[in-house]
Amino acid sequence: MPLDIVFEIASHLAPRDLLALSRTSKALQKMLHSPNTSSVWRVARSNVGAPDCSPGFSEPRWASLLFGRPICKQCDTTNVHNIEFGIRRRVCIRCQKQHLVSAVRFEKVFPHYESLIMDMVPHTLSGGWTRGSRTPGKFFWASDVELIASEWAALQRDIHMYVKGARAAAAAYKKQKIDEAERIAQHAKVCDDWLRYCNMKLQMEADRKREEERKRKADQMREADQKWKRLVQAIQGRLLELGYDIQDIPSTFYVPNSQKGAELTDQLWTCIQLEIVEIVESNRDDRLERERAKLWVERLAILRSLYVEYAKSMAPLQWCYLPNIYELAELSVFRDILEVDSSVDISRQSFLPATDRLSTLVPALISAKKERLISMLELSSSRTADHPLDLATSVFVCTGRNCTNRALISWEAIAAHNCYGIATRLHASYDSVTLGVSQLGASTASALVRLANLDPSSATITEMDALDLRFACFQCALTPGCRSITIYPWKSAVCIVYFLY
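Okay, here's the thing in structure tokens:
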């Protein structure tokens, strides 16, 4: 191929590509590094807007410095992107610390060199310790200083040897080096500005690419979200076709990741239908349970208002002994009304036929409650009381979740006890859930009855109350820090023992 065609093709390459081409073979390296091809390098450099060559640099050498491999010129360390245009080298931080000499330390490092050497040596304004930032001081490369110093010493030696024209040669050399150092310094400023401009362009390009990537990902997410919404709507449509209520259909579903962007085909619906229908039916059951509970409470409020009207017809002293509203709701005559289908409208008129019978239902409920309490007691054959609930050893305890768990002695205490813990279980039986026989209370009451010289199998609550005895707790006296003994009536003594132990 003719050389002019090769040069024309090479002139359209970037400097970095031209460097790579020159390293492919010795023939191309020799051809492209010859002085005749400087125009090719110049055109390639102008194509990318790179600054002119530094004084004394050839085009290939200048292109190698700007666009060559990012390795340290001194120690071959890789990934060195910083170029010190003042000293025209690409060097790493470690080499800068080792080979750069500041103007302040010049006389200490080179005590035998004249200070005017610094005016003739190219310099940079950043050292290894400044981390690339510019400073007012100058930094010189040690080998450059030694080279200039050796040449200057040779000229000074010629002057001392009275060589003809030595002084003029020394003056010309000095002026040449000073001018060259100033031109290099001015050119370094231009190169630094160009490098900052290139870095700014690279940063802007990187920001642009990041923004495009962000927008691309946002568009992908938006598209995936739209596909997912269409899939969810299709699933909801299938569920509505099956007759499920929109209230029970969740807003999202579990679908395998591989199928989230797909259309709802019959095959996909067959795979996910069973699990989704199970969730919807569970939601439906929970909703119906909440609605039934709310309706039950509303209906119970109607019954409570009627029950309050009935209680007002009785003496106020009897109110505390009336059955709890929840006990009343357990009666079949009221439970059937409370649990009737939600489609039936329940009002005060619905309860009136049943509430008119409260005068007979309430006493019957009290009698049934007493019978259940009696059945809980484990009576011995030696007990002679007419009614077991009158025995002083018949002690019950409330086990409700929100109750204080105090002992209950006598039917009056049991009847007046109103435990609100049952409100958490709407259909639970009041007695079976919250009341039970206290074995600890019974044994404590038996001990107190014996102390009163009575028979535990026959002593009644009335007899113990008539004695009106007081009992001291010596166990409390053994408590560290206790300075007194508390005296209790017999019922309080049973309660405190149960509460403490």
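Remember, this note's numbering sits 120 above the position in the sequence shown when you count from 1. Beta carbons: idealized from backbone N, C-alpha and C, even for Gly. Predicted, not measured: the structure shown is a model, and the values here were computed from it.
- With 16 or more other Cβ atoms from the protein chains shown falling within 10 Å of its own Cβ, C215 counts as buried.
- Taken through DSSP and simplified to helix, strand or coil, R143 comes out as coil.
- Secondary-structure assignment with DSSP links W261 through a beta bridge to L220.
- Nearest in C-alpha terms to K217, of all of E266, C195, K414, is C195.
- When G247, D312, A421 are compared, the shortest CA-CA separation from R225 is found for G247.
- Taken atom to atom, the span from the alpha-carbon of Q393 to that of M341 is near 26 angstroms.
- With respect to the 9 angstroms criterion, V211 and H219 are classified as neighbours on the basis of their beta carbons.
- In summary, P436 is exposed, with fewer than 16 beta-carbon neighbours lying within 10 Å of its beta-carbon over all protein chains present.
- By the 16-neighbour rule on beta-carbons within 10 angstroms, V428 is exposed.
- Within its own chain, the residues whose Cβ lies closer than 7 angstroms to the Cβ of K193, once the five positions on either side in sequence are excluded, are R209, R210, V211, listed in chain order.
- Taken atom to atom, the span from the alpha-carbon of P155 to that of T250 is near 38 angstroms.
- Going by DSSP, R468 is part of the alpha helix (DSSP H) stretching over 468-475.
- According to the DSSP secondary-structure assignment, T244 is paired through a beta bridge with F259.
- Rounded to the nearest whole angstrom, the C-alpha separation of R455 and I466 is 13 angstroms.
- Taking a C-beta distance under 9 angstroms as the contact criterion, L426 and V397 do not qualify as a contact pair.
- Comparing alpha carbon positions, the residue from L141, R136, P175, S174 closest to N167 is R136.
- Put simply, of I457, E411, D461 the residue whose alpha carbon is nearest the alpha carbon of Q469 is I457.
- Under the DSSP assignment, L555 falls in the beta strand (DSSP E) whose first and last residues are 555-557.
- Looking at the DSSP output, F591 bridges to Y608.
- In summary, Y446 is buried, with 16 or more beta-carbon neighbours lying within 10 Å of its beta-carbon over all protein chains present.
- Within the model, the alpha-carbon separation for G556 versus P370 is close to 45 angstroms.
- Membership of I422 in the alpha helix (DSSP H) is indicated by the continuous run 386-432.
- The beta-carbon separation of A512 and I581, rounded to 5 angstroms, stays under the 8 angstroms limit for a contact.
- Following the DSSP letters along the chain, one finds V160 inside the alpha helix (DSSP H) bounded by residues 158-167.
- Distance between L351 and D339, taken at the CA atoms: about 18 angstroms.
- Distance from the CA of D365 to the CA of L384, rounded to the nearest whole angstrom, comes to 20 angstroms.
- Proximity of the stretch 255-266 to the stretch 324-333 falls short of the contact definition, fewer than three beta-carbon pairs being nearer than 8 angstroms.
- For A291, the enclosing alpha helix (DSSP H) starts and ends at 286-361.
- In this model, A421 and S566 are separated by some 43 angstroms (Cα to Cα).
- For I207, the secondary structure class from DSSP, reduced to helix, strand or coil, is coil.
- M240 places its beta carbon less than 9 angstroms from that of K294.
- Annotated three-state conformation of F230 is coil, per DSSP.
- Distance from the CA atom of G169 to the CA atom of I203, rounded to whole angstroms, is 17 angstroms.
- Contact between the stretch 180-190 and the stretch 121-140 is present: 3 or more CB-CB pairs across the two stretches fall below 8 angstroms.
- For V453, the enclosing alpha helix (DSSP H) starts and ends at 452-458.
- Scanning its chain for C-beta atoms nearer than 7 angstroms, with the 5 sequence neighbours on each side dropped, one finds around S558 the residues V515, F516, V517, A527, Y618, in chain order.
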